[in-house]
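**Q** I'd like to ask some things about the structure below.
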Amino acid sequence: MNRNTVPKSGRLPVQAISDTSALVLLWCGEEIYQSDAVRQYAGMLDLSRGRELLARCHAVWEEYDRVIRYRKLCIAREAETILAGGHIRQVVIPGAGYSMLGIELASRFAGLKVFEIDSSGMREKRGMVERLAVASGSSLFCLEGDVEDHAGLRRLLSGAGWQDAAPTLTIVEGLSYYLSRESALGQWRNLAEGSMVVFEYLVPYGEVNPERRDIPRLVFGEIMQYCSFTGEFSFWREEEVRSEPGFVLERFYTLEGIERSLGEFLGSGQRIFRVRGDGWIEIAVLKSGEGRVGRA
């Protein structure tokens, strides 16, 4: 059967994905996106490998899904606002995994090129994307590469059709925790003028309110233990993001601010993130390519 052909049953083949990828999608749900392409893609995913890890994390704090939903809703809203301006026609998403955002953007903005990069799973995702109804009219590229190999990443992107002289929207989500500062943000400072970076990062535990501080520490501890991850996490403070050479901070979001702007509260009307210190991730929207700095 041709991989672009829908079976007679009308159902597309289902792909089992890794436990951590499944965990994030179980937390956020495809309903936060609007396109038919995302709904079709979601129906192709087997998330069963993430359920044990989900149960472990919910045992720490059952509301953790709100962190992921708020994060993804904010980033999707920012990306759509930036792209609606019309001056950026290419998007780069490092560490994309099986995320739905690239599919959402490619299906909603005609002529947009979306380049997703990850170290594994991109061949499988590419096969899934090619079976979507939107595939013939979109330019979504699923590329396998090392985001910490900066020169190799540029070559990989250029080979796929990315234009370094044109403005780019780069979306760094759920990735900065595991990378060096240069790999997470610094390598995007010398993009073409007019480029933008949506950068999500983890706040130092010491800046989280004491009654909440153990939640991210224990949740990430469960994930690290489950996946046998032995590395150290990277943390950022707002002032460090603001002072990063080659960028200008345009907008900034905390979980408290995102929740307030989205109006998503508990059924009782009680907010989960009442003040900034109640949250442990933040999102910066940065202009890149302004006052370009020399590469080290």
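Just so it is clear: in the sequence shown, position 92 is 92 by the UniProt record's numbering, and no numbers are missing.
Where is the CB? At the ideal position from N, CA and C, for every residue including glycine.
Using the three-state DSSP reduction, which class does R251 fall into: helix, strand or coil?
**A** Here residue 251 refers to the residue found at position 251 of the sequence shown. Three-state result, R251: strand.
**Q** Please return the same chain residues whose Cβ sits closer than 6 Å to the Cβ of Q34, not counting the five positions on each side in sequence.
**A** Residue 34 sits at position 34 when you count from the first residue of the sequence shown. Answer for Q34: no residue qualifies.
**Q** What is the DSSP secondary structure of D36, counted as helix, strand or coil?
**A** Along the sequence shown, one-based indexing puts residue 36 at 36. D36 falls in the helix class under three-state DSSP.
**Q** Let's see if you can read the secondary structure: which residues bound the alpha helix (DSSP H) around Y226?
**A** Position 226 of the sequence shown holds residue 226. That run of the alpha helix (DSSP H) goes D214 to C227.
**Q** What do you reckon, is the C-beta of G50 under 7 Å from a heavy atom of the ligand ZN?
**A** No copy of the ligand ZN occurs in the structure displayed, which carries no ligand at all.
**Q** Look up D65 in the DSSP assignment and say whether it is helix, strand or coil.
**A** As a position in the sequence shown, residue 65 is number 65, starting the count at 1. Looking at D65 - three-state DSSP - the assignment turns out to be helix.
**Q** If you draw a straight line from the alpha carbon of D278 to that of F252, how long is it in whole angstroms?
**A** Stepping through the sequence shown from its first residue, residue 278 is reached at position 278. Stepping through the sequence shown from its first residue, residue 252 is reached at position 252. Those two C-alpha atoms are separated by around 16 Å.
**Q** Please state whether DSSP places S288 in a helix, a strand or coil.
**A** To locate residue 288, count along the sequence shown from 1; it is residue 288. If DSSP states are grouped into helix, strand and coil, S288 belongs with the strands.
**Q** Ordered along the chain, which non-local residues of its own chain (more than five positions away) have a Cβ less than 8 Å from that of L101?
**A** As a first step, residue 101 is located in the sequence shown; it is residue number 101 there, counting from the start. So the qualifying residues of the chain are Y33, K72, I75, A76, A79, I93, I171 and E173.
**Q** Does D118 pass the burial test, meaning 16 or more other C-beta atoms within 10 Å, or should it be called exposed?
**A** By 1-based counting over the sequence shown, the position of residue 118 is 118. Per the 10 Å Cβ criterion, buried.
**Q** Tell me the rounded alpha-carbon separation between L105 and P245.
**A** Counted from its first residue, the sequence shown places residue 105 at position 105. Counted from its first residue, the sequence shown places residue 245 at position 245. Their Cα atoms are separated by approximately 29 Å.
**Q** What are the boundary residues of the alpha helix (DSSP H) that includes S158?
**A** Translated into the one-based positions of the sequence shown, residue 158 becomes position 158. H150 to A160 is the span of the alpha helix (DSSP H), which, as asked, contains S158.
**Q** Does any C-beta atom of chain C lie closer than 8 Å to the C-beta of Y201?
**A** Going by chain labels, chain C is absent from the structure shown, which holds only one protein chain.
**Q** Between which two residues does the beta strand (DSSP E) harbouring L169 extend?
**A** Here the question's residue 169 lines up with position 169 in the sequence shown. L169 -> beta strand (DSSP E) spans L169 to V172.
**Q** Quick check: the region 207-214 against the region 106-125, are there 3 or more CB pairs under 8 Å?
**A** Verdict: no, contact absent.
**Q** Does the structure place the region 174-191 close enough to the region 135-150 that three or more beta carbon pairs sit under 8 Å?
**A** Taking 8 Å as the limit for Cβ pairs, the verdict is that the region 174-191 does touch the region 135-150.
**Q** Below 7 Å CB to CB, which residues in the same chain sit around Y177 once its five sequence neighbours on both sides are set aside?
**A** For the purposes of this step, residue 177 is taken as the residue at position 177 of the sequence shown. Once the five neighbours on either side are set aside, the close Cβ partners of Y177 are L202, F233 and S234.
**Q** In chain order, what residues of the same chain lie with their CB nearer than 8 Å to the CB of S139, ignoring the 5 residues before and after it?
**A** The residue labelled residue 139 in the question sits at position 139 within the sequence shown. So the qualifying residues of the chain are A106, G111, L112, K113, V114 and G161.
**Q** Counting Cβ pairs closer than 8 Å, one from the region 15-31 and one from the region 39-57, do we hit at least three?
**A** The region 15-31 vs the region 39-57: in contact.
**Q** Tell me whether the region 57-71 and the region 215-222 touch, counting them as touching only if at least three CB pairs, one residue from each stretch, are closer than 8 Å.
**A** Result yes; three or more Cβ-Cβ pairs closer than 8 Å.
**Q** Name the one or two DSSP bridge partners that Q15 has.
**A** Within the sequence shown, the letter at position 15 stands for residue 15. Its beta-bridge partners are L45.
**Q** Quick check on DSSP: helix, strand or coil for V24?
**A** Counted from its first residue, the sequence shown places residue 24 at position 24. V24: helix per DSSP, three-state reduction.
**Q** For L83 versus F109, is the C-beta spacing smaller than 8 Å?
**A** In the sequence shown, counting from the first residue as 1, residue 83 sits at position 83. In the sequence shown, counting from the first residue as 1, residue 109 sits at position 109. Contact: yes.
**Q** For Q163, does the count of other Cβ atoms within 10 angstroms reach 16, so buried, or fall short, so exposed?
**A** Working through the sequence shown from its first residue, we reach residue 163 at position 163. Q163 is exposed by the Cβ-count criterion.
**Q** So, helix, strand or coil for V129, using DSSP?
**A** As a working mapping, residue 129 is identified with position 129 in the sequence shown. Helix, per DSSP.
**Q** Have a look at L132 and G97 and give me their C-alpha separation to the nearest angstrom.
**A** The residue labelled residue 132 in the question sits at position 132 within the sequence shown. The residue labelled residue 97 in the question sits at position 97 within the sequence shown. The straight-line gap from Cα to Cα measures roughly 17 Å.
**Q** Using alpha carbons as the reference points, say which of L156, R271 and L249 lies closest to K287.
**A** Here residue 287 corresponds to residue number 287 of the sequence shown, with the count starting at 1. For the residues L156, R271 and L249, the minimum Cα distance to K287 belongs to L249.
**Q** Just the C-alpha distance for Q15 and I103, rounded to the nearest angstrom, thanks.
**A** Indexing the sequence shown from 1 puts residue 15 at position 15. Indexing the sequence shown from 1 puts residue 103 at position 103. Roughly 16 Å between the two C-alpha positions.
**Q** Looking only at C-alpha atoms, which of T168, A135 and Q187 sits nearest to L153?
**A** Along the sequence shown, one-based indexing puts residue 153 at 153. Measuring from the Cα of L153, the nearest candidate turns out to be Q187.
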